[in-house]
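In my numbering, the protein residues as written are 6 to 153.
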């Protein structure tokens with residue numbers, strides 16, 4: 006089973022909400038949406054909780070919002086890539102986005118072998134006025150900004 010496990014800031018109307026997700030060949034799993042407020046700081050963690058051979062167990066959670074719950078994944082393939090994602094639904098025009106930006110900061114990537122060497126890359130949707138930029142590259146204290 007290969008896939009992606011993530012914490013996600015998700016909208017769905019005139020509100021923001023969060024959930025933990027796993028999307029892979031074995032299916033899609035997610036926690037119930039939990040509403041948050043504009044300006045709330047979100048601390049998302051994906052933690053390796055166990056390993057047996059090539060089978061890995063993970064927990065995805067927002068550590069500073071325990072009421073949001075967490076998503077436990079057992080028997081997964083090793084997760085070997087990282088992404089920072091802001092998902093938006095129901096956008097029909099660039100004016101539907103809020104003014105400003107969303108900053109992902111204090112990004113820390115560590116593995117069982119320590120801190121990996123990595124370089125972030127971005128995908129922007131400049132036709133809709135959405136751009137992404139890497140402000141601080143690397144696996145320690147990384148900063149990525151999405152601007153609307």
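Backbone N, C-alpha and C define an ideal beta-carbon position, used for all residues, glycine too.
Can the beta-carbon of residue i be found closer than 9 Å to that of residue j?
i: residue 75; j: residue 83; result: no
i: residue 72; j: residue 39; result: yes
i: residue 139; j: residue 126; result: yes
i: residue 113; j: residue 145; result: yes
Closer than 6 Å by C-beta to residue i: which residues in its own chain qualify, once you throw out the five before and the five after it? Chain order, please.
i: residue 55; result: 62
i: residue 152; result: 106 and 136
i: residue 148; result: 110, 140 and 141
i: residue 117; result: none
Nearest to residue i by CA position, among the options, is which residue?
i: residue 132; options: 149, 115, 97 and 23; result: 97
i: residue 29; options: 90, 80 and 20; result: 80
Quick one: what's got a C-beta closer than 8 Å to residue i's C-beta in the same chain, skipping five residues either side?
i: residue 59; result: 82 and 83
Assuming residue i and residue j make a contact with CB atoms under 8 Å, what is their CB distance in whole Å?
i: residue 53; j: residue 68; result: 15 Å between Cβ atoms; not a contact.
i: residue 99; j: residue 134; result: 4 Å
With a CB to CB cut of under 7 Å and the five nearest residues on each side skipped, what residues in its chain are close to residue i?
i: residue 48; result: 67, 68 and 69
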